[in-house]
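With the first letter of the sequence shown counted as 1, position 79 gets the number 699 in this note's numbering; the numbers rise by one all the way through.
Okay, so here's the structure we're looking at.
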Amino acid sequence: MRESQISVHFRLTKLDAMQAYTLKREIEGAYFVKHEGSDIFVGMVPLKETLFDELNDYLIRQQIHYDACDIHVKAKRADGEITVPKVVNKLLKYIDCKLTYAFSA
Numbered sequence: 621m622r623e624s625q626i627s628v629h630f631r632l633t634k635l636d637a638m639q640a641y642t643l644k645r646e647i648e649g650a651y652f653v654k655h656e657g658s659d660i661f662v663g664m665v666p667l668k669e670t671l672f673d674e675l676n677d678y679l680i681r682q683q684i685h686y687d688a689c690d691i692h693v694k695a696k697r698a699d700g701e702i703t704v705p706k707v708v709n710k711l712l713k714y715i716d717c718k719l720t721y722a723f724s725a
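Below you can see the structure in the form of structure tokens.
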């Protein structure tokens with residue numbers, strides 16, 4: 621599968637409003653969405669090696685546990701295999717979190 625059809629983000633799944641707005645302000649390219657009917661926000665950070673230190677610092681400052689995070693790999697469904705970018709392996713060595721895969725048509 622071509623790399624342009626794959627997006628990879630570090631996802632923070634249980635942010636409060638202050639954490640969500642701080643994430644957007646402190647990390648380049650970060651954004652968030654609110655879960656409907658709740659006060660929980662999901663933060664998304666594009667996975668770039670240049671952001672690893674900032675991301676780790678944010679997790680420590682905001683006291684976010686690794687079980688409230690994952691690496692979210694989204695790909696368009698295709699026949700054959702999907703090659704996950706190397707940046708995913710590099711982040712797993714830096715921040716040990718789970719992987720989540722999403723496929724779309």
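Every residue, glycine too, gets a C-beta built ideally from N, C-alpha and C.
None of the values given here were measured: they were computed from a predicted structure.
Test item: CB-CB of Ile626 and Lys694 under 9 angstroms: Going by C-beta atoms, Ile626 is nearer than 9 angstroms to Lys694.
Burial state of Glu623, where buried means 16 or more other Cβ atoms lie within 10 Å: Bear in mind that a pLDDT of 47 at Glu623, under 50, signals an unreliable position, so the model cannot answer this.
Where Ser724 sits in the DSSP three-state scheme: Strand, per DSSP.
Enclosing alpha helix (DSSP H) for Val704 [first to last residue]: Boundaries cannot be given for Val704, as no alpha helix (DSSP H) includes it and DSSP labels it neither H nor E.
Bridge partner(s) assigned by DSSP for Met638: Answer by DSSP bridge pairing: none, since Met638 is not bridged.
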